[in-house]
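Shown next, in structure tokens, is the structure this report addresses.
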Amino acid sequence: MPKKDKDIYDAIIIGAGIGGLVCGCYLAKAGMKVLILEQHFKPGGYCTSFKRKGFTFDAAAHSFGSYREGGNMRVIIKALDLDKRLRIKRYTPSDIIISPDYKITFGADVDKTIQDLRHAFPNEAKNIGNFIQYLTTSKPIDFAALRKKTFKDLLDHYFDDNRLKAMLSLPILGNGALPPSLISAFTGSKIFTEFILDGGYYPEGGMQALPNILVERFKELGGELRLSCLVKKIRVKNNEVQGIVLEKDGFVQSKYVVSSCDVRHTFFKLLGEKIVNENILHIIDKMIPSLSLFILYLGIDKTFKSLPIPGTNVWFMPHYSIENMYLSAKNREVTNLDAYMIRLSPDKKTLLAFTNAPFKNKKFWDNNKYKFVDALINRIEQHTIPGLSKHLVYKDAATPHTLYRYTLNYKGAAYGWASTPSQLFTPELRQTTQIKGLFLTGHWTTQTQGIPGVAYIGLDTAKLILKKEKIYSR
Amino acid sequence: MTTNNVEQEIISIISDVSGFDIEEITPDTNLANDLEIDSIKAIEITVAIEKLFKISIRDEDVPNITTVKQAIELVNTLINQKDANA
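Here the protein sequences line up with chains B and L, keeping their order. If you read the first sequence in my numbering, its first letter stands for residue 577, the second for the next number, and so on. If you read the second sequence in my numbering, its first letter stands for residue 947, the second for the next number, and so on.
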């Protein structure tokens, strides 16, 4: 057998977010020679942490879901033999939703969650049970019935009470950046089941621990990761991938290329119009990305009475119109702040809060960033944490431009494409593409989002490649 | 489209979405157990079938599709209904 050339890879993955890392680990585990390239100086994509003034902050993702026995994250971590090496704790309650009239708690015990919901909305008691039963016991094929529906259709099918429907929709707006009338029922259901009903998991040391352990495992399996390494082109000949061209080091040959980065960037810049069918470029050009986020990072001097429980996502809604919250988020101004999520870190030293926000332009955020910081602190102090400002020793924020700068996600999109029924499962953006050897993964595939979603799709893309290579085993 | 073609086309779609070779897929193949069809792939297959055969699968029929054969039978029924109404 000829010796493998040092610089020829079986697969190159662009982007070391959770999707790219999981995909890389599984390909390397099957014996493939894999290179992962990441433009940022640390791995993780939206799942990273950073240190400032002695505080450790999670940059965007601040917990994850789907780690129950049999949950996708658990299956993936276990299959990579990392379940003993990564210490993951579940914080319960994972989420508390506070409205003008109610406080609903989502904890590890689903039966208790159902009881709490029934206590708040006795007229909906039976429907609450039916809804949660549908979400948690349906077979995969059953979800095909949701393909054209919105989450509003689903909620309307089960419930009458508009306040209950709004409260169940707030975490969907936060984690999916769309209101119930626009988000697909499939995505809304998955967010609700995988992030909320089975949420609250956190790796010891911060979210960065998750990508770090995946990188460690990837390298043990023979994989190579290059950070601060920008890909300039994906080279294609006769509609077949040849490799990639790096900004600094030139051409690197590979049989497969997996793009786990922004899809617009992949098709318009890395491939370009000479390679991609005009029709596909036109479709991508018309697609709408999800909204971005404004994320507030606060360091506190000590713990104090009004702080929330560490590791719990506290959602505050000043009214019940999620549709209006979405419209105000699309045109976010310092004067129209409404709903937000706030969370005390498990180490009890920092707070992270966020609200949905649009990309706008850099100048807008440069001019307004600190106005937003102070206005959001003010709101939090008013509604959820009295006395907060007295305890602040550090404050900063990430704007949609910050999210773009670190990840190159188009318009700082928090969750890839807006997950409307018409954009969900866009055939042109499936994991397999029309170019031989080119695969897509991550939240820009229109199939999924969030950490469990991209981890799952990363694994699935790896499986598709292994099936092509005839080395797939269950 | 003949019944035989319908079968071939459906198997081709399922092969494309699942990543399993056409040779590995027979009418008796169970979508979830044998081909690891998850909820995402179930939707992709349903949408691709509807688009190709220009049919609309009713919500109540969706849970009954567990094997390749059931998918083929359902599509044949819907095509016949469409032709009868044409």
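Where is the CB? At the ideal position from N, CA and C, for every residue including glycine.
Distance between residue j and residue i (C-alpha atoms, nearest Å)
i: Met917 (chain B); j: Leu847 (chain B); result: 38 angstroms
i: Ala933 (chain B); j: Trp941 (chain B); result: 11 angstroms
i: Lys971 (chain B); j: Ala720 (chain B); result: 45 angstroms
i: Ser961 (chain L); j: Ser965 (chain B); result: 58 angstroms
i: Pro756 (chain B); j: Leu913 (chain B); result: 19 angstroms
i: Lys987 (chain L); j: Ile959 (chain L); result: 11 angstroms
i: Gly963 (chain B); j: Glu957 (chain B); result: 6 angstroms
i: Pro578 (chain B); j: Leu1042 (chain B); result: Bear in mind that a pLDDT of 46 at Pro578 (chain B), under 50, signals an unreliable position, so the model cannot answer this.
i: Ile968 (chain L); j: Gly826 (chain B); result: 39 angstroms
i: Met901 (chain B); j: Lys1028 (chain L); result: 44 angstroms
i: Glu955 (chain L); j: Ile989 (chain L); result: 17 angstroms
i: Lys1012 (chain B); j: Asn1031 (chain L); result: 41 angstroms
i: Val852 (chain B); j: Ile588 (chain B); result: 19 angstroms
i: Asp980 (chain L); j: Pro973 (chain L); result: 12 angstroms
i: Ile590 (chain B); j: Gly705 (chain B); result: 43 angstroms
i: Asp659 (chain B); j: Asp677 (chain B); result: 41 angstroms
i: Glu1004 (chain B); j: Thr1021 (chain B); result: 9 angstroms
i: Ala994 (chain L); j: Ser1002 (chain L); result: 11 angstroms
i: Gly1029 (chain B); j: Phe1001 (chain B); result: 14 angstroms
i: Gly965 (chain L); j: Ser642 (chain B); result: 25 angstroms
i: Tyr585 (chain B); j: Arg840 (chain B); result: 25 angstroms
i: Glu614 (chain B); j: Phe697 (chain B); result: 48 angstroms
i: Phe880 (chain B); j: Lys824 (chain B); result: 50 angstroms
i: Lys582 (chain B); j: Val828 (chain B); result: 10 angstroms
i: Thr948 (chain L); j: Ser835 (chain B); result: 39 angstroms
i: Lys1044 (chain B); j: Phe1015 (chain B); result: 12 angstroms
i: Arg644 (chain B); j: Val686 (chain B); result: 12 angstroms
i: Tyr832 (chain B); j: Gln818 (chain B); result: 8 angstroms
i: Tyr667 (chain B); j: Arg919 (chain B); result: 11 angstroms
i: Pro886 (chain B); j: Ile856 (chain B); result: 46 angstroms
i: Lys945 (chain B); j: Arg981 (chain B); result: 15 angstroms
Proximity of residue i and residue j at Cβ, strictly below 9 angstroms
i: Thr1017 (chain B); j: Gln1007 (chain B); result: yes
i: His638 (chain B); j: Asn985 (chain B); result: no
i: Gly595 (chain B); j: Ile1033 (chain B); result: yes
i: Ala973 (chain B); j: Phe844 (chain B); result: no
i: His959 (chain B); j: Ile674 (chain B); result: yes
i: Gly620 (chain B); j: Leu867 (chain B); result: no
i: Gly647 (chain B); j: Pro669 (chain B); result: no
i: Leu801 (chain B); j: Leu662 (chain B); result: no
i: His616 (chain B); j: Leu822 (chain B); result: no
i: Thr632 (chain B); j: Gly782 (chain B); result: yes
i: Lys808 (chain B); j: Ile820 (chain B); result: yes
i: Asp923 (chain B); j: Gln784 (chain B); result: no
i: Leu797 (chain B); j: Ala761 (chain B); result: no
i: Ile717 (chain B); j: Ile1011 (chain L); result: yes
i: Phe930 (chain B); j: Gly776 (chain B); result: no
i: Gly992 (chain B); j: Lys925 (chain B); result: no
Residues bridged to residue i (per DSSP)
i: Thr926 (chain B); result: B:Gly875
i: Pro716 (chain B); result: Paired residues: none, contrary to the question.
i: Pro865 (chain B); result: B:Trp993
i: Arg802 (chain B); result: B:Leu613
i: Thr931 (chain B); result: B:Phe870
i: Leu920 (chain B); result: B:Pro886 and B:Leu927
i: Ala587 (chain B); result: B:Val610 and B:Tyr832
i: Val812 (chain B); result: B:Val817
N- and C-terminal bounds of the alpha helix (DSSP H) containing residue i
i: Val598 (chain B); result: Ile594 to Lys605
i: Trp941 (chain B); result: Lys938 to His959
i: Phe727 (chain B); result: Phe727 to Tyr734
i: Asp1029 (chain L); result: Val1014 to Asn1031
i: Gln691 (chain B); result: Val686 to Ala696
i: Arg650 (chain B); result: Asn648 to Ala655
i: Tyr1032 (chain B); result: Gly1026 to Lys1044
Run of the beta strand (DSSP E) containing residue i, from where it starts to where it stops
i: Gly633 (chain B); result: According to the sequence displayed, residue 633 (chain B) carries Phe and not Gly. Unbroken beta strand (DSSP E) run through Phe633 (chain B): Phe631 to Asp634.
i: Gly819 (chain B); result: Glu816 to Leu822
i: Ala974 (chain B); result: Leu968 to Ala974
i: Phe1001 (chain B); result: Premise fails: Phe1001 (chain B) is in no beta strand (DSSP E) and is neither H nor E.
i: Leu1016 (chain B); result: Leu1014 to Leu1016
i: Met608 (chain B); result: Careful: Met608 (chain B) lies outside any beta strand (DSSP E) and carries neither H nor E.
i: Pro779 (chain B); result: Tyr777 to Pro779
i: Thr763 (chain B); result: Element bounds for Thr763 (chain B): not the beta strand (DSSP E) but the alpha helix (DSSP H), Ala761 to Lys766.
Contact belief for residue i with residue j at Cβ below 8 angstroms, rounded distance in angstroms
i: Cys599 (chain B); j: Thr1037 (chain B); result: 5 angstroms
i: Glu953 (chain L); j: Ile1018 (chain L); result: 5 angstroms
i: Asp671 (chain B); j: Ile748 (chain B); result: Asp671 (chain B) to Ile748 (chain B), Cβ: 12 angstroms. No contact.
i: Leu806 (chain B); j: Ser765 (chain B); result: Leu806 (chain B) to Ser765 (chain B), Cβ: 37 angstroms. No contact.
i: Pro884 (chain B); j: Lys987 (chain B); result: With 8 angstroms as the limit, Pro884 (chain B) and Lys987 (chain B) do not qualify as a contact, their Cβ atoms being about 31 angstroms apart.
i: Lys715 (chain B); j: Ala978 (chain L); result: 7 angstroms
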